[in-house]
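Visitor:
Numbering (this note's numbering), first residue to last: 1040 to 1275.
1) Using the Cα positions of residue 1230 and residue 1214, report the straight-line distance between them to the nearest angstrom.
2) In this structure, does DSSP put residue 1084 in helix, strand or coil?
3) When burial is assigned at 16 or more other CB atoms within 10 Å of the CB, is residue 1269 buried or exposed?
4) Can you tell me whether residue 1100 is buried or exposed, with buried defined as 16 or more other CB within 10 angstroms of its CB?
5) By the 10 Å Cβ neighbour count, where 16 or more other Cβ atoms means buried, how is residue 1047 classified, buried or exposed?
6) At 4 residues or longer, and completely inside the segment 1103-1139: list those alpha helix (DSSP H) runs for me, N to C.
7) Does the distance from the C-beta atom of residue 1249 to that of residue 1227 stay below 9 Å?
8) Using a 10 Å radius around the Cβ and a threshold of 16 neighbouring Cβ atoms, would you call residue 1193 buried or exposed?
9) Here's a check: name, in chain order, each residue in its chain whose Cβ is nearer than 6 Å to the Cβ of residue 1151, leaving out the five neighbours to either side.
10) DSSP three-state label for residue 1215, please.
11) Could you check if residue 1170 is buried or exposed, using at least 16 other CB atoms within 10 Å of its CB as the buried criterion?
12) Rounded C-beta distance between residue 1081 and residue 1257? I'm assuming under 8 Å.
13) Short of 8 Å in beta carbon distance, which residues of its chain neighbour residue 1078, apart from the five on each side in sequence? Order them along the chain.
14) Report yes if the CB atom of residue 1096 is closer than 9 Å to the CB atom of residue 1107, and no otherwise.
15) Provide the residue(s) that pair with residue 1160 in DSSP beta bridges, ordered along the chain.
16) If we ignore side chains and look at the alpha-carbon of each, how far apart do residue 1147 and residue 1163 end up?
17) Beta carbon of residue 1223, beta carbon of residue 1208: below 9 Å?
18) Counting Cβ pairs, one atom from each stretch, are 3 or more of them under 8 Å apart for the segment 1116-1124 and the segment 1259-1268?
19) Within 10 angstroms of the Cβ of residue 1232, are there 16 or more other Cβ atoms? Answer buried if so, exposed if not.
20) Hey, how far is the Cα of residue 1084 from the Cα of residue 1255?
21) Keeping to the same chain, check which residues put their C-beta closer than 6 Å to that of residue 1133; ignore five residues upstream and five downstream.
22) List the DSSP bridge partners of residue 1234.
23) Given a threshold of 16 other Cβ atoms within 10 Å of its Cβ, counted over all protein chains shown, does residue 1102 qualify as buried or as exposed?
24) For residue 983, name the three-state secondary structure that DSSP assigns.
25) Flag this pair as yes or no: are the beta carbons of residue 1190 and residue 1111 separated by less than 9 Å?
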């Protein structure tokens, strides 16, 4: 298993027990370990479009207003929905852990380096301000890499984006009906091509940096074939 400081930080930040208590065992998602199988070679399979990605008004970690569609243009994009206070080690921490692994694989491959963008979009705009996200990003994003950490001005701007991506998020409340700062949600990470088409949706059980990287390569190989075919037809 590849751990290092990041994996240990994610685990210890998510599981905290009293010195006199035994923490329940944590079954880590496959994305934290080496793959137990050899994935299909890039380009040996297809990723049919699953629909178009939605647009939305967002804020980046510098506080600038951006449109989601602008960030989904020109590069293969991996989009995850997170919130920084998530305590489920197999939830948002897993998504960020895997995206960091994708970042490493992309940076190590010159053919990918300028073709991929990662987006981490918070669904907790009340707490996850641009400054909070900037501090959070500093732990994961390598200098010069195209990984954007995003939020919304408010929940009104966020709601249509979540609905369009079918991202279920429910604030948890206490006995008095007040929010406690946590959310119940289903982890979904989206692979989106240069034409803003969703090409894969990863759940907890299937989210792994190696398979995401292979899917990215598959989309880029497909785009190269399409471009070559168009050039040949244009020359006829």
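Every residue, glycine too, gets a C-beta built ideally from N, C-alpha and C. Nothing here was measured: the structure is a model prediction, and the numbers come from that model.
Guide: Result, derived from the coordinates:
1) Their backbone Cα atoms lie some 38 Å apart in a straight line.
2) Coil.
3) Its Cβ having fewer than 16 others within 10 Å, residue 1269 is exposed.
4) Its Cβ being crowded by 16 or more others within 10 Å, residue 1100 is buried.
5) Note that residue 1047 scores 43 on pLDDT, short of 50, meaning its location in the model is unreliable and no value can be drawn from it.
6) As far as the segment 1103-1139 is concerned, its whole alpha helix (DSSP H) runs of at least 4 residues are 1107-1110.
7) No, the Cβ-Cβ distance between residue 1249 and residue 1227 is not below 9 Å.
8) Exposed: under 16 other Cβ atoms inside 10 Å.
9) Closer than 6 Å at Cβ, skipping near neighbours: 1145.
10) Residue 1215: coil per DSSP, three-state reduction.
11) Under this definition residue 1170 is an exposed residue.
12) That belief holds up - the Cβ atoms of residue 1081 and residue 1257 are roughly 5 Å apart, short of 8 Å.
13) Apart from sequence neighbours up to five positions away, the residues of its chain that approach residue 1078 with a beta-carbon distance below 8 Å are 1249, 1250 and 1253, ordered along the chain.
14) Going by C-beta atoms, residue 1096 is nearer than 9 Å to residue 1107.
15) According to DSSP, which records beta bridges pairwise, residue 1160 is partnered with 1120 and 1189.
16) Rounded to the nearest angstrom, the gap between the Cα atoms of residue 1147 and residue 1163 is 32 Å.
17) In this structure, residue 1223 sits near residue 1208, with a CB-CB distance shorter than 9 Å.
18) Result no; under three Cβ-Cβ pairs closer than 8 Å.
19) That one is buried.
20) In a straight line, the C-alpha of residue 1084 is about 12 Å away from that of residue 1255.
21) For residue 1133, where only same-chain residues beyond five positions count, the Cβ hits under 6 Å are 1068 and 1070.
22) In the DSSP secondary-structure assignment, residue 1234 is not bridged to any residue.
23) Its Cβ having fewer than 16 others within 10 Å, residue 1102 is exposed.
24) Only positions 1040 to 1275 of the chain appear in this structure, which leaves residue 983 out of reach.
25) No, Cβ-Cβ distance for residue 1190 and residue 1111 is not below 9 Å.
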